[in-house]
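Using our numbering, you'd call the opening residue of the sequence shown number 0 and step up by one each time.
A short write-up of the structure that comes next.
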Amino acid sequence: MRKIVISIGGSVLVPNDIDLEYAKKIANFANELHEKYQLCIVAGGGKIARKYIEIARNFGASEIFCDLIGIEATRLNARLLSAIIGKNANIEPPRDFVAALKALNFGKIVVMGGTHPGHSTDAVSALLAEYINADLLINATDVDGIYDKDPRKYKGAILYERLSVEQLVDMIKSQSIGAGKYKLIDILAAKIIQRSKIKTIFLNGRNIENMRNAIQGKEFVGTIVENK
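Okay, here's the thing in C-alpha coordinates:
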(Lines of atoms letter the chains of each structure in order from A; the text may use other names.)
(Lines give C-alpha, C1' and ligand atoms only; values in the text may rest on other atoms or scores of the structure.)
Protein backbone atom coordinates (compact mmCIF):
# COMPACT_ATOMS: atom_id res chain seq x y z
CA MET A 0 0.00 0.00 0.00
CA ARG A 1 1.42 3.39 -1.02
CA LYS A 2 2.30 5.88 1.71
CA ILE A 3 1.35 9.53 1.31
CA VAL A 4 2.20 12.54 3.47
CA ILE A 5 0.15 15.72 3.04
CA SER A 6 1.35 18.97 4.58
CA ILE A 7 -1.66 21.25 4.93
CA GLY A 8 -0.52 24.83 5.25
CA GLY A 9 -1.94 26.85 8.09
CA SER A 10 -3.06 29.47 5.56
CA VAL A 11 -5.32 26.79 4.05
CA LEU A 12 -6.71 25.29 7.24
CA VAL A 13 -6.84 28.47 9.33
CA PRO A 14 -6.86 31.47 6.94
CA ASN A 15 -8.40 33.68 9.63
CA ASP A 16 -10.31 31.44 11.99
CA ILE A 17 -10.63 27.69 11.60
CA ASP A 18 -12.34 26.97 8.25
CA LEU A 19 -14.79 24.31 9.37
CA GLU A 20 -16.25 23.65 5.92
CA TYR A 21 -12.80 23.04 4.49
CA ALA A 22 -11.87 20.89 7.48
CA LYS A 23 -14.93 18.72 6.81
CA LYS A 24 -13.98 18.37 3.14
CA ILE A 25 -10.37 17.43 3.87
CA ALA A 26 -11.57 14.99 6.54
CA ASN A 27 -13.88 13.27 4.06
CA PHE A 28 -11.04 13.19 1.53
CA ALA A 29 -8.72 11.66 4.13
CA ASN A 30 -11.22 8.92 4.87
CA GLU A 31 -11.55 8.28 1.14
CA LEU A 32 -7.78 7.99 0.72
CA HIS A 33 -7.57 5.73 3.76
CA GLU A 34 -9.28 2.98 1.76
CA LYS A 35 -6.34 2.74 -0.67
CA TYR A 36 -3.33 4.42 0.95
CA GLN A 37 -1.46 4.78 4.20
CA LEU A 38 -1.95 8.46 4.96
CA CYS A 39 -0.25 11.04 7.18
CA ILE A 40 -1.40 14.65 7.48
CA VAL A 41 0.70 17.41 9.04
CA ALA A 42 -1.33 20.49 10.03
CA GLY A 43 0.08 23.99 9.98
CA GLY A 44 -0.62 26.70 12.54
CA GLY A 45 -2.16 29.42 10.40
CA LYS A 46 -3.27 32.83 11.58
CA ILE A 47 -3.97 31.60 15.11
CA ALA A 48 -0.35 30.54 15.53
CA ARG A 49 0.98 33.76 14.00
CA LYS A 50 -1.19 35.87 16.29
CA TYR A 51 0.01 34.12 19.44
CA ILE A 52 3.62 34.26 18.25
CA GLU A 53 3.37 37.97 17.47
CA ILE A 54 1.98 38.76 20.92
CA ALA A 55 4.64 36.69 22.66
CA ARG A 56 7.40 38.27 20.57
CA ASN A 57 6.12 41.76 21.39
CA PHE A 58 6.52 40.92 25.06
CA GLY A 59 10.12 39.88 24.54
CA ALA A 60 9.74 36.12 24.19
CA SER A 61 12.68 34.32 22.60
CA GLU A 62 12.38 32.71 19.18
CA ILE A 63 12.50 29.23 20.72
CA PHE A 64 9.66 30.18 23.08
CA CYS A 65 7.68 31.50 20.09
CA ASP A 66 8.39 28.25 18.26
CA LEU A 67 6.94 26.27 21.17
CA ILE A 68 3.78 28.39 21.05
CA GLY A 69 3.50 27.74 17.31
CA ILE A 70 3.95 24.00 17.83
CA GLU A 71 1.08 23.88 20.31
CA ALA A 72 -1.13 25.76 17.84
CA THR A 73 -0.38 23.21 15.11
CA ARG A 74 -1.13 20.36 17.51
CA LEU A 75 -4.45 21.98 18.40
CA ASN A 76 -5.35 22.14 14.70
CA ALA A 77 -4.24 18.52 14.26
CA ARG A 78 -6.33 17.38 17.21
CA LEU A 79 -9.42 19.11 15.82
CA LEU A 80 -8.87 17.62 12.36
CA SER A 81 -8.49 14.16 13.93
CA ALA A 82 -11.83 14.63 15.69
CA ILE A 83 -13.52 15.58 12.41
CA ILE A 84 -11.98 12.63 10.55
CA GLY A 85 -13.31 10.31 13.23
CA LYS A 86 -12.42 6.75 14.15
CA ASN A 87 -9.94 6.25 11.30
CA ALA A 88 -7.62 8.91 12.73
CA ASN A 89 -5.31 8.74 15.73
CA ILE A 90 -6.75 10.41 18.83
CA GLU A 91 -3.52 11.95 20.11
CA PRO A 92 -1.29 13.83 17.64
CA PRO A 93 2.12 12.08 17.69
CA ARG A 94 4.98 14.14 19.09
CA ASP A 95 7.63 12.24 17.15
CA PHE A 96 8.06 10.10 14.04
CA VAL A 97 8.36 6.81 15.92
CA ALA A 98 4.89 7.29 17.40
CA ALA A 99 3.58 8.39 13.99
CA LEU A 100 4.87 5.23 12.31
CA LYS A 101 3.37 3.05 15.04
CA ALA A 102 -0.04 4.66 14.51
CA LEU A 103 0.32 4.29 10.74
CA ASN A 104 1.19 0.60 11.05
CA PHE A 105 -1.79 0.18 13.36
CA GLY A 106 -3.98 1.25 10.44
CA LYS A 107 -4.68 4.83 11.45
CA ILE A 108 -4.68 8.07 9.50
CA VAL A 109 -1.87 9.92 11.24
CA VAL A 110 -2.65 13.58 11.94
CA MET A 111 0.06 15.59 13.65
CA GLY A 112 1.47 19.07 14.05
CA GLY A 113 4.89 20.42 14.85
CA THR A 114 7.55 18.55 16.77
CA HIS A 115 10.70 20.56 17.52
CA PRO A 116 11.53 24.27 17.78
CA GLY A 117 13.08 25.56 14.57
CA HIS A 118 11.20 23.07 12.41
CA SER A 119 8.27 24.33 10.36
CA THR A 120 5.44 21.89 9.71
CA ASP A 121 6.76 21.68 6.14
CA ALA A 122 10.05 20.42 7.56
CA VAL A 123 8.15 18.03 9.83
CA SER A 124 6.22 16.64 6.86
CA ALA A 125 9.43 16.17 4.86
CA LEU A 126 11.14 14.43 7.78
CA LEU A 127 8.07 12.27 8.35
CA ALA A 128 7.95 11.33 4.66
CA GLU A 129 11.61 10.35 4.84
CA TYR A 130 11.17 8.39 8.08
CA ILE A 131 8.22 6.31 6.86
CA ASN A 132 9.68 5.98 3.35
CA ALA A 133 6.67 7.67 1.75
CA ASP A 134 5.93 7.34 -1.94
CA LEU A 135 4.60 10.89 -2.25
CA LEU A 136 4.80 14.17 -0.34
CA ILE A 137 2.17 16.79 -1.08
CA ASN A 138 2.58 20.37 0.06
CA ALA A 139 -0.94 21.80 0.09
CA THR A 140 -0.73 25.58 0.16
CA ASP A 141 -3.06 28.49 -0.66
CA VAL A 142 -1.74 29.01 -4.21
CA ASP A 143 -1.55 26.68 -7.21
CA GLY A 144 2.10 25.71 -6.79
CA ILE A 145 5.51 27.34 -7.00
CA TYR A 146 5.71 30.64 -8.90
CA ASP A 147 8.58 32.83 -10.04
CA LYS A 148 7.20 35.49 -7.66
CA ASP A 149 4.37 35.87 -5.16
CA PRO A 150 1.11 35.39 -7.13
CA ARG A 151 -0.81 37.16 -4.36
CA LYS A 152 1.07 40.37 -5.15
CA TYR A 153 1.90 40.01 -8.85
CA LYS A 154 -0.77 39.17 -11.41
CA GLY A 155 1.83 38.17 -13.97
CA ALA A 156 3.47 35.57 -11.74
CA ILE A 157 4.38 32.40 -13.66
CA LEU A 158 3.57 28.95 -12.29
CA TYR A 159 6.36 26.40 -12.63
CA GLU A 160 5.01 23.02 -13.69
CA ARG A 161 8.35 21.38 -12.89
CA LEU A 162 11.38 22.41 -10.87
CA SER A 163 14.53 20.59 -9.91
CA VAL A 164 15.07 20.35 -6.17
CA GLU A 165 18.27 22.35 -6.66
CA GLN A 166 16.25 25.19 -8.20
CA LEU A 167 13.85 25.04 -5.26
CA VAL A 168 16.72 25.29 -2.77
CA ASP A 169 18.19 28.29 -4.61
CA MET A 170 14.82 30.06 -4.65
CA ILE A 171 14.33 29.95 -0.90
CA LYS A 172 17.85 30.56 0.39
CA SER A 173 17.13 34.25 0.93
CA GLN A 174 13.90 33.73 2.88
CA SER A 175 13.51 35.26 6.34
CA ILE A 176 13.82 32.69 9.11
CA GLY A 177 11.95 32.99 12.41
CA ALA A 178 8.94 31.62 14.22
CA GLY A 179 5.82 32.08 12.10
CA LYS A 180 7.75 33.61 9.16
CA TYR A 181 7.96 30.65 6.79
CA LYS A 182 6.54 31.47 3.37
CA LEU A 183 6.58 28.96 0.53
CA ILE A 184 8.75 26.38 2.25
CA ASP A 185 11.83 26.72 4.44
CA ILE A 186 15.36 25.69 3.55
CA LEU A 187 15.41 22.78 6.00
CA ALA A 188 12.34 21.22 4.39
CA ALA A 189 13.82 21.70 0.93
CA LYS A 190 17.12 20.10 1.96
CA ILE A 191 15.28 17.10 3.42
CA ILE A 192 13.31 16.71 0.19
CA GLN A 193 16.61 16.88 -1.68
CA ARG A 194 18.34 14.17 0.34
CA SER A 195 15.32 11.85 0.66
CA LYS A 196 14.55 11.93 -3.09
CA ILE A 197 10.84 11.59 -2.35
CA LYS A 198 8.50 12.73 -5.11
CA THR A 199 7.07 16.08 -4.00
CA ILE A 200 4.16 18.07 -5.39
CA PHE A 201 3.13 21.62 -4.50
CA LEU A 202 -0.51 22.49 -5.20
CA ASN A 203 -3.54 24.39 -3.95
CA GLY A 204 -4.86 22.58 -0.90
CA ARG A 205 -8.31 24.07 -1.27
CA ASN A 206 -8.87 22.31 -4.60
CA ILE A 207 -9.45 18.78 -3.36
CA GLU A 208 -10.42 17.37 -6.76
CA ASN A 209 -7.12 18.62 -8.14
CA MET A 210 -5.29 17.00 -5.22
CA ARG A 211 -7.11 13.75 -5.92
CA ASN A 212 -5.96 13.90 -9.55
CA ALA A 213 -2.35 14.47 -8.47
CA ILE A 214 -2.42 11.46 -6.17
CA GLN A 215 -4.02 9.27 -8.83
CA GLY A 216 -1.45 10.26 -11.45
CA LYS A 217 -3.95 12.21 -13.54
CA GLU A 218 -3.53 15.68 -15.02
CA PHE A 219 -3.45 18.37 -12.33
CA VAL A 220 -2.43 21.96 -11.70
CA GLY A 221 0.64 22.30 -9.53
CA THR A 222 4.42 22.00 -9.40
CA ILE A 223 6.35 18.74 -9.44
CA VAL A 224 9.74 18.96 -7.74
CA GLU A 225 12.05 16.65 -9.65
CA ASN A 226 14.58 14.88 -7.51
CA LYS A 227 17.08 12.69 -9.35
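No residue lacks a Cβ here, since even glycine has one placed at the ideal position from N, Cα and C.
For the 9 Å CB-CB criterion, Ala139 and Met210 form a contact. Distance between His33 and Lys107, taken at the CA atoms: about 8 Å. In the structure shown, the three-state DSSP call for Thr73 is helix. Across the structure, Arg1 and Ile84 are spaced so that their CA atoms are roughly 20 Å apart. DSSP, reduced to helix, strand and coil, places Ser119 outside both helices and strands of the structure shown, so it counts as coil. Taking 9 Å as the cut-off, the Cβ atoms of Asp169 and Ile157 do not count as close. Annotated three-state conformation of Phe201 is strand, per DSSP. Taking C-beta atoms under 8 Å as the contact rule, Thr222 and Leu162 qualify, at a distance of about 6 Å. Using a Cβ-Cβ distance cut-off of 8 Å, the stretch 12-23 and the stretch 71-87 are in contact, since at least three pairs of beta carbons, one from each stretch, lie closer than that value. Within the same chain, and ignoring the five residues on either side of Phe219 in sequence, the residues whose Cβ sits closer than 7 Å to its Cβ are Leu202, Asn209, Asn212, Ala213. As a beta-bridge residue in DSSP terms, Tyr146 pairs with Leu158.
In chain order, Cys39, Ser124, Leu127, Ala128, Ala133, Leu136 place their CB closer than 6 Å to the CB of Val4, counting only its own chain and leaving out the 5 sequence neighbours on each side. Per DSSP, Lys2 is not a residue of any alpha helix (DSSP H); the beta strand (DSSP E) it occupies stretches across 2-7. Taken in chain order, the complete beta strand (DSSP E) segments of 3 residues or longer contained in the stretch 35-60 are 37-42. Assigned with DSSP and collapsed to three states, Val224 falls in strand.
Annotation for Leu19: the continuous alpha helix (DSSP H) segment containing it runs 19-33. Under the 8 Å Cβ criterion, the stretch 44-61 does not count as touching the stretch 92-109, having fewer than three qualifying pairs. CA-to-CA, the gap between Asp18 and Arg205 works out to about 11 Å.
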